[in-house]
Structures are given as structure tokens and as C-alpha cells.
Amino acid sequence: MSVIYILLTVSIIVAIVFFAAFIIAVRNGQFDDGYTPSVRMLFDDELVKTTTKKITKKSIKTNHN
0 MSVIYILLTV
10 SIIVAIVFFA
20 AFIIAVRNGQ
30 FDDGYTPSVR
40 MLFDDELVKT
50 TTKKITKKSI
60 KTNHN
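Under numbering that gives the first Met the number 0, the residue at position 27 of the sequence shown is numbered 26, and the numbers go up by one with no gaps.
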């Protein structure tokens, strides 16, 4: 029965260590995305073209009605 208490204590300590490491990594910017902003400019034109087409189609339909 005492082995369960030892394993429980050790597992809680390990969990706290991993949580602390995660918090430190987040604060240091380890999970910041440095790749997406540099690539986003390549895909912005496609988004603008599709929204422009939708707006144009909607405005044409409303002008004819």
C-alpha cells in the first residue's frame, strides 16, 4: 500500500515539472509561429480574389433585380 503513495507522489512531482517546463517555454516564445506570417502574403491574393468575385456577383444580382 505504501508503494501506491510513493508512485502517486512521484507522478505528481513529474507532472508539476512538465507543467513548469511548458509554462517557461510559452513565456520564452517557444511556440510562437514564425513561419505563417512570412507565407501568409503568398495566400492573401487568393482570398482577396474570391471575396471580390463574391461581392461582384452579389452586386450584379442586386442591380438587375
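Glycine is no exception: its CB is placed at the ideal position from the N, C-alpha and C atoms.
- Look at Y34 here: in three-state DSSP terms it is coil, with no helix or strand label.
- In the three-state reduction of the DSSP assignment, M0 falls in the coil class.
- The C-alpha of I22 lies about 11 angstroms from the C-alpha of F30.
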